[in-house]
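One structure is given here, and the rest of the page talks about it.
Residue numbers (the working numbering): 11 to 459.
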């Protein structure tokens, strides 16, 4: 690490939270609304959404938001969805000319809020996914959430992205990373060195403005899934919401989760931490015959590592400071509460669930075992298109400062990793005959309780 880097003011560069908004249906096509706190323009620049525009779009969404079907409103511990029958229902809807107007019941997977079971039925040529569910509503931020719990529901769009990206998830990895540029680091370092050479007290307000200008926009990189997808925006949004909480740019929505800044001050921390979110599942329970699987675990965990900047590039040290580790551990322990209080964290767990399901089906060849064919779900160019929005590409940083005994701290990077194939490959045999029997497809509906 260079002397200039060691003596630099450490920048905590973050962006406003990218809450995922709902979708407005208009003219036979879907378009992204500027709700949830941000808008993304045609060249991918993230900006704070205009409050008037946000209110207008929410009002339009609510006009077209469908009613919850009878029997789907009450919360249930297990709601089952037949992939075969869901595919048939979507195919029939497309055939009738409604490809761009799928019912909310289909778009939000009958209110499913997590996927806990994947069950194979060769006699019916079917695979059933199941988990807790309830009716759904649109909250004031534009999120589609449960009527009673406030937890986000799963999106068919995210399931489609997971199924269609299952091979890239293995070979390329599904990740999101939002990082400063090397040029930004160099310009920032030059600015801070010039400030250091000046005598007298510094105007921190003016310095913060100058740092923002020098640092420039951060670059957003998404791998493994289309950057224009809802799935990708969940990755980006969850990363930045996490870091805003860590850096005390927003108050914690749950008790017992202090900011990292508070912990660092109390403990005299002087390292530059990076945080990222990744999968956190227990080994998947598998029946002896390989026809029933239970996905277990909280789903998401925060990780951290100290970094240093060398020649404009952030590099890991392989070490972790106690304050940063404490914050990551507390964040992980509070994740269940956070997933309700901050809907984006529930959405992140949802996309991890669907990616694990996609990898599980592929890794264990469950579609072959079932004799199931659902081409609309898997084919990239099928008549069932994934909704597409402007891809987030850059963000302008916000800054906070923390003086330490060694100078000032800097952290400006982080991300999300969805290691679905690693999760799908770890299984252990467990008794599951009762679960498999109770979820056997019956009747004609594509979902049932």
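Virtual Cβ for every residue (Gly too), placed ideally from N, Cα, C.
Have a look at residue 146 and residue 162 and give me their C-alpha separation to the nearest angstrom.
8 Å
Along the chain, which unbroken stretches of the beta strand (DSSP E) at least 3 residues long are found entirely within the stretch 71-98?
86-92
Nearest-angstrom Cα distance between residue 89 and residue 182?
33 Å
Give the DSSP bridge partners of residue 194, in chain order.
Paired residues: none, contrary to the question.
Output needed for residue 425: all residues of its chain with C-beta closer than 7 Å, excluding positions within five of it in sequence on either side, in chain order.
185, 186, 187, 188, 249, 286.
Any idea what DSSP makes of residue 305, helix, strand or coil?
coil
Going by alpha carbons, who is nearest to residue 219 out of 441, 406, 440, 178?
406
Which residues bound the beta strand (DSSP E) around residue 187?
Run containing residue 187: 184-189, per the beta strand (DSSP E) assignment.
Who are the Cβ neighbours of residue 122 in its own chain at under 7 Å, not counting the five residues just before and after it?
89, 91, 141, 143, 163, 164
Please return the same chain residues whose Cβ sits closer than 7 Å to the Cβ of residue 439, not counting the five positions on each side in sequence.
296, 298
Run the CB neighbour count on residue 314, radius 10 Å, all protein chains shown included, and call it buried at 16 or more, exposed below.
Burial state of residue 314 is buried, judged by a 10 Å Cβ sphere holding 16 or more other Cβ atoms.
Taking DSSP's pairing of strands, which residues face residue 356 in a bridge?
Bridge partners of residue 356: none, in fact.
Going along the chain, which unbroken runs of the beta strand (DSSP E) with 3 or more residues stay wholly within the stretch 237-292?
282-290
List, from N- to C-terminal side, the alpha helix (DSSP H) runs of 4 residues or more that fit wholly inside the stretch 151-183.
For secondary structure counted as the alpha helix (DSSP H) over 4 or more consecutive residues, the stretch 151-183 holds these complete runs in sequence order: 166-174, 176-181.
Using the C-alpha atoms, what's the distance from residue 395 back to residue 387?
9 Å
Would you decide whether residue 62 is buried or exposed? Buried here means 16 or more other CB atoms lie within 10 Å of its CB.
By the Cβ-count criterion, residue 62 is exposed, with fewer than 16 other Cβ atoms from all chains shown falling within 10 Å of its own Cβ.
Is the beta carbon of residue 399 less than 8 Å from the beta carbon of residue 238?
yes
If you run the structure through DSSP and keep just helix, strand and coil, what is residue 399?
coil
Is it the case that the stretch 303-312 contacts the stretch 257-277, given that we only count it when at least three CB pairs across the two stretches are under 8 Å?
no
Here's the rule: buried if 16 or more other CB atoms are within 10 angstroms of the residue's CB, otherwise exposed. What is residue 344?
buried
Consult DSSP for residue 223 and reduce its assignment to one of helix, strand or coil.
helix
Where does residue 378 land, buried or exposed, given buried means 16+ other C-beta within 10 angstroms?
Classification of residue 378: exposed, given that the 10 Å Cβ count is below 16.
According to DSSP, is residue 296 helix, strand or coil?
strand
What distance in whole Å lies between the Cβ atoms of residue 366 and residue 169, which are believed to be in contact at a cut-off of 8 Å?
Residue 169 to residue 366, Cβ: 12 Å. No contact.
Buried or exposed for residue 436, please, with buried defined as at least 16 other CB atoms from any protein chain shown within 10 angstroms of its CB.
Residue 436 should be labelled exposed.
Does the structure place the stretch 331-342 close enough to the stretch 220-233 that three or more beta carbon pairs sit under 8 Å?
With fewer than three CB-CB distances shorter than 8 Å, the stretch 220-233 does not count as touching the stretch 331-342.
According to DSSP, is residue 391 helix, strand or coil?
coil
Grab me the residues of residue 430's own chain with a C-beta within less than 6 Å of its C-beta, minus the 5 sequence neighbours each way, in chain order.
179, 365, 366, 369
Consult DSSP for residue 46 and reduce its assignment to one of helix, strand or coil.
Because the pLDDT of residue 46 is 38, which lies under 50, any placement of that residue in the model is unreliable, and the number read from its coordinates should be weighed accordingly. Correct three-state label for residue 46: coil.
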